[in-house]
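J.: Numbering (our numbering), first residue to last: 2 to 503.
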Ligand code: C2O
Ligand code: CU
């Protein structure tokens with residue numbers, strides 16, 4: 002409630018129909034004029050993008066409650082349409098995406114287009130960039146899609162991120178050099194909704210109440226070896242990597258007992274567009290005995306690098322090309338720091354054998370690990386070398402015991418915005434002052450690792466007590482959330498706003 006009120010105070014969106022909204026009342030900030038989602042600057046920036054515009058692509062999606070069959074276990078959840086993931090949205094860079102979202106839920110919702118540098122008033126943050134879409138109502142999102150790559154969309158309401166509400170958004174690159182014969186989207190997700198009565202809300206309450214000391218349990222669902230309580234979903238305890246022990250890990254909505262199979266011609270090179278749609282799980286992913294040629298991070302190209310495994314944190318995407326020799330090859334995504342894994346198979350068309358027992362760990366999992374900070378941006382997307390005008394320290398704070406995750410010691414209820422002027426380059430030094438990993442995500446921008454030629458990203462994993470610097474080019478006016486992509490940390494208030502002012 003408090004949070005809702007302070008968001009409203011900050012944004013003053015309610016009732017504002019058009020024009021710049023003056024916002025000087027935010028506590029602790031300079032009395033400068035914020036460029037709100039409804040400001041003229043947002044429209045002007047969109048005009049520049051529209052200059053390159055291609056076709057208009059229209060989609061109709063219903064947010065609804067439905068029953069999902071997880072290898073024979075039927076759960077009730079919320080999703081887009083009636084599948085997990087929801088229907089794929091595929092457009093080309095420069096197209097105008099027009100998607101009508103019909104809210105058939107009993108709760109309000111919004112859609113956030115994760116990773117896209119679009120106009121601020123389409124960003125899907127309730128009370129900040131739009132009013133939430135009420136039950137029974139619809140809202141049409143319409144914006145120019147600027148950059149090719151692998152993206153996804155999801156709601157930005159409460160804990161719905163830990164349900165089945167997500168779908169891939171693929172932006173094709175008219176100039177893609179290719180280098181592959183086929184492609185497949187793999188969306189990884191940690192699942193608890195509806196399993197033995199578990200809900201995201203109940204899990205959040207338990208996290209706040211338990212101090213993360215391993216309350217609750219799933220009765221051996223995923224071979225957990227610590228204390229089992231009764232009912233609900235277990236807490237992972239003191240792991241650096243996550244708070245919640247999930248009963249299931251899915252690839253494209255399917256648990257390991259009923260895995261998805263991607264079938265391609267023998268020896269084909271398949272581009273895997275891998276997306277972590279999970280809420281509290283970082284996945285360590287490897288494929289059969291094959292190395293992976295990583296070509297894109299968060300949709301943006303890098304100088305390709307060959308590795309054996311990648312760590313994919315919540316919100317992140319990695320595109321990698323792998324060869325599929327004759328046979329059946331497992332894709333195993335281990336829940337890092339936890340037990341359990343997600344599974345998919347790659348199969349060549351000349352193989353008729355049924356899938357064997359899944360291996361629990363592949364040699365590749367202990368092989369060469371992708372280091373995003375060491376990757377080089379492809380020349381076409383590298384920031385031009387230039388010193389940032391300013392450096393801002395951002396402390397990632399909080400702990401498991403009081404579950405008080407925040408930024409600079411503040412929860413979102415009382416956040417202090419990071420103020421920027423259009424055209425600036427700002428370095429954010431992220432200092433993790435906690436004992437947990439935090440995948441930090443910035444809306445509306447693809448920043449770069451600081452230093453010449455750093456890879457472009459919109460979500461970056463910051464390890465316990467680690468410090469890392471990212472450079473943001475302020476070229477997309479508006480009010481943009483910057484937050485931890487752990488759903489439960491976000492709900493606890495681990496968020497602030499990159500706020501354009503003038
Ligand atoms: Cu996928 Cu606010 O984020
Ligand atoms: Cu976090």
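All residues carry an ideal CB built from backbone N, CA and C; glycine is no exception. As the structure is a computational prediction, the values presented were derived from the model and not from experiment.
1. Have a look at 342, 316, 257 and 356 and flag the residue whose alpha-carbon is nearest the alpha-carbon of residue 330.
2. List in chain order: all unbroken beta strand (DSSP E) runs of 3+ residues lying wholly within the region 248-336.
3. What three-state label does DSSP hand residue 405 in the structure shown?
4. Is residue 283 close to the ligand CU? I mean its beta-carbon at under 8 Å from any heavy atom of the ligand.
5. I need the straight-line Cα distance from residue 348 to residue 71, nearest angstrom please.
6. Any heavy atom of the ligand CU closer than 8 Å to the beta-carbon of residue 397?
7. Go ahead and label residue 47 buried or exposed: buried means 16 or more other beta carbons lie within 10 angstroms of its beta carbon, across all protein chains shown.
8. Along the chain, where does the alpha helix (DSSP H) that runs through residue 204 open and close?
9. Excluding sequence positions up to five away, which residues of its chain have a Cβ less than 8 Å from the Cβ of residue 496?
10. Return the first residue and the last residue of the beta strand (DSSP E) that residue 427 is part of.
11. How about residue 438: is its Cβ closer than 8 Å to a heavy atom in the ligand CU?
12. When you compare the region 183-192 with the region 255-272, are there three or more beta-carbon pairs, one atom per stretch, that lie closer than 8 Å?
13. Pick helix, strand or coil for residue 62, following the three-state DSSP scheme.
14. Quick one: what's got a C-beta closer than 7 Å to residue 115's C-beta in the same chain, skipping five residues either side?
15. Closer than 8 Å: is that where the CB of residue 402 sits relative to any heavy atom of the ligand CU?
16. Does the Cβ of residue 387 have 16 or more other Cβ atoms within 10 Å, making it buried, or fewer, making it exposed?
17. Verify the contact flag: residue 300, CB atom, against every heavy atom of the ligand C2O, threshold strictly below 8 Å.
18. In the structure shown, what three-state DSSP assignment does residue 502 receive?
19. Can you give the Cα-Cα distance for residue 281 and residue 111, rounded to whole angstroms?
20. Please confirm whether residue 517 and residue 468 have their CB atoms less than 9 Å apart.
21. Answer yes or no: do residue 166 and residue 253 have a C-beta to C-beta separation smaller than 9 Å?
22. For residue 216 and residue 257, what's the separation of their Cα atoms in angstroms?
23. In or out: residue 125 buried (at least 16 other Cβ within 10 Å) or exposed?
24. Look at the alpha carbon of residue 80 and the alpha carbon of residue 65, and state the distance between them as a whole number of angstroms.
25. Closer than 6 Å by C-beta to residue 231: which residues in its own chain qualify, once you throw out the five before and the five after it? Chain order, please.
26. For the candidate residues 98, 372, 123 and 487, whose alpha-carbon lies nearest to that of residue 306?
27. In terms of residues, what are the limits of the alpha helix (DSSP H) holding residue 490?
28. By DSSP, does residue 164 sit in helix, in strand, or in coil?
29. Find out if the Cβ-Cβ distance for the pair residue 479, residue 43 is shorter than 9 Å.
30. Express the C-alpha separation of residue 58 and residue 509 in angstroms, rounding to a whole number.
31. Can you tell me where the alpha helix (DSSP H) holding residue 479 begins and where it ends?
32. Consider the C-beta atom of residue 406 and the heavy atoms of the ligand CU; say whether any pair is separated by less than 8 Å.
T.: With the structure as the only source:
1. It is 356.
2. 249-252, 261-265, 269-277, 284-288, 293-298, 301-308, 311-313, 318-325 and 329-336
3. In this structure, residue 405 counts as coil in the three-state DSSP scheme.
4. no
5. 22 Å
6. yes
7. By the 10 Å Cβ count, residue 47 comes out buried.
8. 201-211
9. Within the same chain, residue 496 has close Cβ partners 408, 413, 416, 482, 483, 484 and 485.
10. Its beta strand (DSSP E) spans residues 426-433.
11. yes
12. Verdict: yes, contact present.
13. strand
14. 152, 153, 154, 155 and 316
15. Not under cutoff, so the answer is no.
16. Its Cβ having fewer than 16 others within 10 Å, residue 387 is exposed.
17. no
18. strand
19. 21 Å
20. This structure cannot settle anything about residue 517, because the visible part of the chain is limited to 2 through 503.
21. no
22. Low confidence applies here, because residue 216 scores a pLDDT of 34, under 50, leaving its location unreliable and the question unanswered by this model.
23. Around the beta carbon of residue 125, 16 or more other beta carbons lie within 10 angstroms, which makes this residue buried.
24. Cα to Cα, the separation comes out at about 6 Å.
25. Confidence at residue 231 is low in this model, with a pLDDT of 31, below 50, so the placement of that residue should be treated as unreliable; the coordinate-derived value is given next. There are no such residues.
26. Of all alpha-carbon atoms in 98, 372, 123 and 487, the one lying nearest the alpha-carbon of residue 306 is that of 372.
27. For residue 490, the enclosing alpha helix (DSSP H) starts and ends at 488-493.
28. Per DSSP, reduced to three states, the secondary structure at residue 164 is coil, with no helix or strand assignment.
29. yes
30. No information on residue 509 is available, as it lies outside the stretch 2 to 503 that the chain covers here.
31. From DSSP, residue 479 is part of no alpha helix (DSSP H); its letter is neither H nor E.
32. yes
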